[in-house]
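> If you count the sequence shown from 1, position 36 lands on 35 in numbering that gives the first Met the number 0, and the numbers rise without skipping.
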Amino acid sequence: MSGSLAERKAAAYAKLEEVVNELSALIDEEEEATEHSIPTAWVLCVGYDTIDSEDGGDAGQVVLFPRNGSQAAWKTGGVLRQVLSRIAR
Numbered sequence: 000m001s002g003s004l005a006e007r008k009a010a011a012y013a014k015l016e017e018v019v020n021e022l023s024a025l026i027d028e029e030e031e032a033t034e035h036s037i038p039t040a041w042v043l044c045v046g047y048d049t050i051d052s053e054d055g056g057d058a059g060q061v062v063l064f065p066r067n068g069s070q071a072a073w074k075t076g077g078v079l080r081q082v083l084s085r086i087a088r
């Protein structure tokens, strides 16, 4: 990959924004929305698994990728709270 780390990160977040906008447009089409929703806050949540070579156990971490790499904590928290409440149903 070429470019500095900062350039690659900015390009990745731009791609994420494109994906969010496209998925939002698809939802509007599926629901035949008369008013289009505009995504203003989001967070990509990724779970990673790693294998411990010493004992063969697995462990991992969860990494959050908020809009543009940084957004207000209350926005990220609000999105995640909504997700958790829907999962709990």
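Think of the CB as a built atom: it goes at the ideal place given N, C-alpha and C, for glycine as much as any other residue.
Mind checking who Gln-60 pairs with in its DSSP beta bridge?
Here residue 60 is taken as the residue at index 61 of the sequence shown, counted from 1. BP columns for Gln-60 point to Tyr-47.
> Quick check on the DSSP output: the alpha helix (DSSP H) that includes Thr-39 runs from which residue to which?
Counted from its first residue, the sequence shown places residue 39 at position 40. Premise fails: Thr-39 is in no alpha helix (DSSP H) and is neither H nor E.
> Find the nearest neighbour of Tyr-47 within the set Trp-41, Gln-60, Ile-37, Arg-7, judged by alpha-carbon distance.
Start at 1 with the first residue of the sequence shown, and residue 47 comes out as number 48. Nearest C-alpha to Tyr-47: Gln-60.
> Could you say which of Ile-86, Val-45, Trp-41, Thr-49 lies nearest to Val-78 if we only look at CA atoms?
Taking the sequence shown and counting its residues from 1, one reaches residue 78 at position 79. Comparing Cα-Cα distances from Val-78 to each of Ile-86, Val-45, Trp-41, Thr-49, the minimum goes to Trp-41.
> Would the beta-carbon of Phe-64 fall within 8 Å of that of Leu-15?
Residue numbering aside, residue 64 sits at position 65 when the sequence shown is read from its first letter. Residue numbering aside, residue 15 sits at position 16 when the sequence shown is read from its first letter. Contact flag set, yes.
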